[in-house]
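Numbering (full-length UniProt numbering), first residue to last: 1 to 655. Quick reminder that beta carbons are idealized off the backbone N, C-alpha and C, glycines included. None of the values given here were measured: they were computed from a predicted structure.
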């Protein structure tokens, strides 16, 4: 039976009692009529009884601009964006402005700048120029505010007429402020990265009259976990749940006239977003893990049993969700033989995404085609030359190591004949080694001479992917076949909330000196319910039985429990009617989500669910979704460069 969206939301409370969904018996929350106007910089009317001078110390000094004459750029570094920063090394930002947007008067080593209203750069004027906010950490390491200026890479964005703001933020762990030498541990982890960036956005809007841009047009963008934070900024603008955290650092709440200042963004872009950690483990096992018997998914291990259980839990989650197709029909999963939930409209939706992606690949690709598996941890958005130098050093070391490995492999191979993907000698495919961008890990490349031979190689063990030569379309037989061949499970079970608390996501939910903690309530419930059965299986440790429950009961410095902090790092908490946070955030009208469909670092469902929710959310004007065949955990694009395509999208949003 297919329900309409309205009917589903009216009944959502009857079937959404697990996995962080709205509690049973509570009415489904309708989308709020948010007072934030995304075409302005403030919310509602002036508040009563506020100190109009409370944030005066955060006013931008218009006499303190530095100038790069060679490249015509004005900039300021080290601007603290809140009154009570836990660490100025991270809770400060840098602003970079195209020179034409200012009329300047030199005053010693700095310049006094006023806005040149008549200037035009890249199609924008000072009244229309957007603000770009990069999230330059794919693993949610802390992003330091720049301490020195460097122009490399900035020209791409500034020449387009954008204001580029590189804001520091705290990362996935608590830490010490090396800039002050303090021995006090500052808090980190969820939700601090998004809290800090919200404070930075408010700072820009507080100072909107001194900046040559439209500060209502803030675009955030990031890769991997940074892309997840960008999605949070886009879905949780002005959400009340963050208020205690923003207040604790003295984030701006109102301007000099008493008008409330918004932290909503105008557009959010992400590549391979890693997010929605309440279901990340279950989603990974459903999409990939349940089809694997390698590593700790081997038969007879307790983690193999956990994998199968989590896959079933994910089906229950999807069937309680309000994800809908283009016809507004609810997407669900059905059980196939063996207790595997790979049938139903939800599975068909993901298969359709993959088919379209593969068909686009055929249209885009000129053969011979070189396929190179690759993976990056962090993007390389410009703005901090210190970071660029560090990454260049890391890349040089990695390149030297790769060269040594390739040389050793070549020596070992000698004059052996090249082999194709089927393992037989021939000219269908050959292997080679290519050089990829800085910060990218790669293995050997494979060259396919024709499109027919490419698909023949994929079908070398059995036929599962079909290429229609006359129509030039592609279709796959099942998610199992796709995952087994092209997106296998490479992370252990659980993928994100490891039994030994050893992942970066465990760090994200650590508290103070307890640097890593369990956070996945679904894993915890399944472990607790099946501890006796798991005890007889390989790899079980009796301490696991209560480990998740013990951690989930812990509170951070602002008295939020783990479940609340997980919600604060979940865009769907604000976008789906089956979560209690639905409608409590101001949602960006413009979205761009790119996904490498060969990405083994997360489930394809992560980005797909985000896009499905956005396409049915009132007020969202456009959602560009680009699943890219043949690319993995990288800044995936069908063609062109990520920066150029991002700027083209931003320009289209501002038309």
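Indicate the three-state DSSP secondary structure (helix, strand or coil) for residue i in the structure shown.
i           : result
residue 88  : coil
residue 24  : Interpretation of residue 24 is limited by its pLDDT of 35, a score under 50 that renders its predicted location unreliable; the figure taken from the coordinates is listed afterwards. Residue 24 falls in the coil class under three-state DSSP.
residue 142 : coil
residue 469 : coil
residue 9   : Because the pLDDT at residue 9 is just 44, under 50, the model does not fix this residue reliably, and the value given afterwards should be weighed accordingly. Three-state result, residue 9: helix.
residue 252 : coil
residue 162 : coil
residue 80  : strand
residue 265 : coil
residue 98  : strand
residue 35  : Note that residue 35 scores a pLDDT of 39, beneath 50, so its modelled location is shaky and nothing firm can be said.
residue 54  : coil
residue 426 : Reliability fails at residue 426, whose pLDDT of 35 lies under 50, so the model's placement of it is uncertain and no value is given.
residue 112 : strand
residue 238 : coil
residue 630 : coil
residue 432 : Residue confidence is low: residue 432 scores 45 on pLDDT, short of 50, so the model does not pin down where it sits. Its coordinate-derived value is still stated next. Residue 432: strand per DSSP, three-state reduction.
residue 623 : strand
residue 374 : strand
residue 504 : helix
residue 611 : helix
residue 68  : strand
residue 362 : helix
residue 474 : strand
residue 134 : strand
residue 493 : coil
residue 381 : coil
Which residue's Cα is closest to the Cα of residue i: the options?
i           : options            : result
residue 76  : 95, 506, 341       : 95
residue 378 : 139, 655, 97       : 139
residue 80  : 594, 168, 114, 67  : 168
residue 538 : 299, 479, 266, 491 : 299
residue 189 : 569, 613, 265, 653 : 569
residue 335 : 123, 450, 345      : 345
residue 204 : 50, 219, 529, 191  : 219
residue 661 : 240, 565, 235, 364 : Any answer about residue 661 is impossible in this case: the structure gives the chain only from 1 up to 655.
residue 581 : 329, 566, 495      : 566
residue 98  : 370, 85, 385, 120  : 120
residue 83  : 196, 585, 552, 602 : 196
residue 474 : 258, 352, 546, 209 : 352
residue 631 : 603, 598, 652, 618 : 598
residue 365 : 501, 86, 637, 340  : 637
residue 78  : 64, 69, 444, 526   : 64
residue 311 : 147, 603, 531      : 603
residue 318 : 306, 171, 341      : 341
residue 53  : 254, 608, 132      : 254
residue 256 : 58, 354, 559       : 58
residue 558 : 244, 277, 453, 208 : 244
residue 611 : 556, 339, 322      : 322
residue 653 : 131, 185, 446, 292 : 131
residue 739 : 148, 613, 381      : The structure shown does not extend to residue 739, since the chain is modelled only from 1 to 655, so the question has no answer here.
Please look up how many angstroms separate the CB atoms of residue i and residue j, rounded, as I've assumed it's under 8 Å.
i           : j           : result
residue 302 : residue 540 : 4 Å
residue 549 : residue 524 : 6 Å
residue 261 : residue 176 : Not quite, the Cβ-Cβ distance comes to about 30 Å (not below 8 Å), so this is no contact.
residue 593 : residue 237 : About 18 Å; that fails the 8 Å criterion.
Using beta-carbon positions only, say whether residue i and residue j come within less than 8 Å of one another.
i           : j           : result
residue 227 : residue 270 : yes
residue 144 : residue 67  : no
residue 375 : residue 616 : no
residue 231 : residue 275 : yes
residue 272 : residue 596 : yes
residue 361 : residue 629 : yes
residue 109 : residue 198 : no
residue 371 : residue 448 : yes
residue 266 : residue 326 : no
residue 488 : residue 288 : yes
residue 210 : residue 60  : yes
residue 124 : residue 153 : no
residue 73  : residue 158 : yes
residue 93  : residue 166 : yes
residue 526 : residue 309 : yes
residue 504 : residue 172 : yes
When the cut-off is 8 Å and only beta carbons count, does residue i lie next to chain C?
i          : result
residue 85 : Here chain C cannot be found, since the structure has a single protein chain.
Following a CB-centred definition, is residue i positioned closer than 7 Å to any heavy atom of the ligand GTP?
i           : result
residue 320 : This structure lacks the ligand GTP, and indeed carries no ligand of any kind.
**Request:** Scan the stretch 526-598 and note each continuous beta strand (DSSP E) run of 3 residues or more that stays entirely inside, going in chain order.
**Result:** 590-596
**Request:** Let me know the alpha helix (DSSP H) ranges lying completely inside the UniProt domain "BD-FAE-like" (190-240), each 4 residues or longer, listed in chain order.
**Result:** For the UniProt domain "BD-FAE-like" (190-240), whole alpha helix (DSSP H) runs of length 4 or above, ordered along the chain, are 192-206, 225-235.
**Prompt:** Which residue spans inside the stretch 302-353 form an unbroken alpha helix (DSSP H) run of at least 4?
**Reply:** As far as the stretch 302-353 is concerned, its whole alpha helix (DSSP H) runs of at least 4 residues are 302-320.
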